[in-house]
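Residue numbers (our numbering): 28 to 164. Yeah, the Cβ is synthetic: ideal placement off N, Cα and C, and Gly gets one too. Just so we're clear, the structure is a prediction, and the values are computed from it rather than from any experiment. Here is the structure we will look at, set down as structure tokens.
This is the structure:
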């Protein structure tokens, strides 16, 4: 999977969870993705509640205080995310740990209000994991 901003990073993961907090309601959202050759495939998503601009989708199931749902979307290539200082940071969760995107890209900046995630071929173990450059992966 690739991350693009002022730098790009390559993470050799087959799946991940994208997590964030709603800017107004402060409710955590999570979306599970599989990395496929044709793009990032959204699986299950979860949210703890509803509120301003946060309608629970039809067919969602409430389990232990969290709404679980699935949307039928084609693979996303790339997945574009808005990322600003006011909204806080996203987390990528894999290998049973969550990491703020700032670990790879620095803090969110108003001058760079978006980033892209995409699937890419796995590289060999001796290729570099993080690159500065044009965002090509």
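Along the length of the region 102 to 127, whole beta strand (DSSP E) runs at least 3 residues long occupy 106 to 109, 118 to 121, 124 to 127, reported in chain order.
For residue 130, the secondary structure class from DSSP, reduced to helix, strand or coil, is helix.
Looking at the backbone, the Cα of residue 85 and that of residue 144 are separated by about 27 Å. Residue pairing of residue 141 in beta bridges, as defined by DSSP: 109. Residue pairing of residue 74 in beta bridges, as defined by DSSP: 56, 94. Residue 79 and residue 87 have their alpha carbons spaced roughly 18 Å apart. Annotation: residue 73 to residue 81 spans about 12 Å, alpha carbon to alpha carbon. Counting other Cβ atoms within 10 Å of its Cβ, residue 66 reaches 16 or more and is therefore classed as buried. The Cβ-Cβ distance between residue 102 and residue 134 does not fall below 9 Å. Looking at 106, 55, 120, 121, the one whose alpha-carbon comes closest to that of residue 114 is 55.
Each of 76, 100, 127 was checked against the Cα of residue 93, and the nearest Cα belongs to 76.
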